[in-house]
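The structure under discussion appears below in the form of structure tokens.
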Amino acid sequence: MFLCARISTSLAYQVLGVAVGWQMYELTGSAWYLGLVGLAQFLPLFLLTLVVGQVADRYDRRMIAWLCQVVQGLAACALAMASFGDWQSKESLLAIVLAAGVARAFEMPTMQALLPWLVPAPFIPRAVTGSASAFQTASIVGPALGGLLYAVGSGTVYLTSGVLFCAASVFIYRIRIQRAASQREPVTLRSVFADIDYIRSRPEILGAISLDLFAVLLGGATALLPSWCMSIPWIAEAVRIKAGA
Numbered sequence: 050m051f052l053c054a055r056i057s058t059s060l061a062y063q064v065l066g067v068a069v070g071w072q073m074y075e076l077t078g079s080a081w082y083l084g085l086v087g088l089a090q091f092l093p094l095f096l097l098t099l100v101v102g103q104v105a106d107r108y109d110r111r112m113i114a115w116l117c118q119v120v121q122g123l124a125a126c127a128l129a130m131a132s133f134g135d136w137q138s139k140e141s142l143l144a145i146v147l148a149a150g151v152a153r154a155f156e157m158p159t160m161q162a163l164l165p166w167l168v169p170a171p172f173i174p175r176a177v178t179g180s181a182s183a184f185q186t187a188s189i190v191g192p193a194l195g196g197l198l199y200a201v202g203s204g205t206v207y208l209t210s211g212v213l214f215c216a217a218s219v220f221i222y223r224i225r226i227q228r229a230a231s232q233r234e235p236v237t238l239r240s241v242f243a244d245i246d247y248i249r250s251r252p253e254i255l256g257a258i259s260l261d262l263f264a265v266l267l268g269g270a271t272a273l274l275p276s277w278c279m280s281i282p283w284i285a286e287a288v289r290i291k292a293g294a
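With the numbering used here as the guide, the letters of the sequence shown map in order to residues 50 to 294.
Written as structure tokens, this is what we have:
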């Protein structure tokens with residue numbers, strides 16, 4: 050169930066990301082607004098880092114992950130209705146993407162922390178490898194699927210994403226926890242910043258996280274792909290033909 054949920058939610062997010070970028074560029078023709086879309090997706094991850102860790106440690110991770118799927122599914126359905134109803138605007142698009150980004154910020158660490166509850170300790174490395182493989186596969190297939198569906202229409206992409214998030218929520222709800230949750234501790238400033246202190250005391254972990262951080266920041270340039278693609282004549286012509294149809 051966990052692996053199915055992991056694949057479904059990753060596919061849904063990747064498909065959604067493709068449609069949001071292209072639709073924003075069609076609405077505005079501005080690389081600046083494409084950057085704002087990327088910011089709306091990244092900013093909740095950055096600002097809520099300490100909060101989501103505390104929430105994942107103190108509450109039912111399965112229900113948190115399930116709620117995140119529901120919120121993202123509702124956001125995708127809202128985008129679908131706006132597209133089918135032809136009342137989508139850049140403001141509404143950014144607001145919905147930001148709401149989905151907040152849910153995504155809680156989902157990612159919670160799903161990672163949920164895995165050790167589901168398998169015996171000796172099998173955790175193998176389970177982590179399988180989960181990472183599923184995520185990477187979805188990260189490759191998702192954008193391709195989103196691009197193909199966007200040729201039909203942006204509403205179709207959002208509806209597909211909503212269905213996938215709904216499927217992920219069902220899979221997560223059906224998960225049975227094999228390991229009891231740890232006892233909650235009082236929330237203090239020391240507990241909130243304990244993760245940062247631990248990372249600072251481990252240079253090898255700090256180096257790996259810093260490297261990944263720069264990769265994520267620089268990799269965010271992919272949000273500008275619609276702007277770059279429209280500078281290629283045959284792609285721009287194909288988009289104009291689609292818009293005219």
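Even for Gly, the Cβ is constructed at its ideal location relative to N, Cα and C.
Only a predicted model underlies this, so the values are computations on that prediction, with no experimental measurement involved.
- Taking the C-beta atoms as reference points, L92 is found no nearer than 9 angstroms to L128.
- Secondary structure of I145 (DSSP, three-state): helix.
- S59 is positioned such that its CB atom lies closer than 9 angstroms to that of S188.
- Contact between the stretch 197-209 and the stretch 105-117 is not established, with fewer than three Cβ pairs separated by less than 8 angstroms.
- The count of Cβ pairs closer than 8 angstroms, one atom from the stretch 114-130 and one from the stretch 151-166, reaches three, so the stretches are in contact.
- The Cβ atoms of V67 and G256 lie no closer than 9 angstroms to each other.
- Each of A144, V168, K139, S57 was checked against the Cα of L76, and the nearest Cα belongs to K139.
- Taking C-alpha positions only, Q121 is separated from V86 by approximately 16 angstroms.
- Restricting attention to A149, S79, I56, L65, the CA atom closest to the CA of L94 is found in A149.
- For L194, the enclosing alpha helix (DSSP H) has its first and last residue at 173-199.
- Counting only the Cα atoms, W81 lies some 46 angstroms from F172.
- Distance check between F220 and each of M160, Q63, A125 places M160 closest, using alpha-carbon atoms only.
- DSSP, read as helix, strand or coil, puts D106 in helix.
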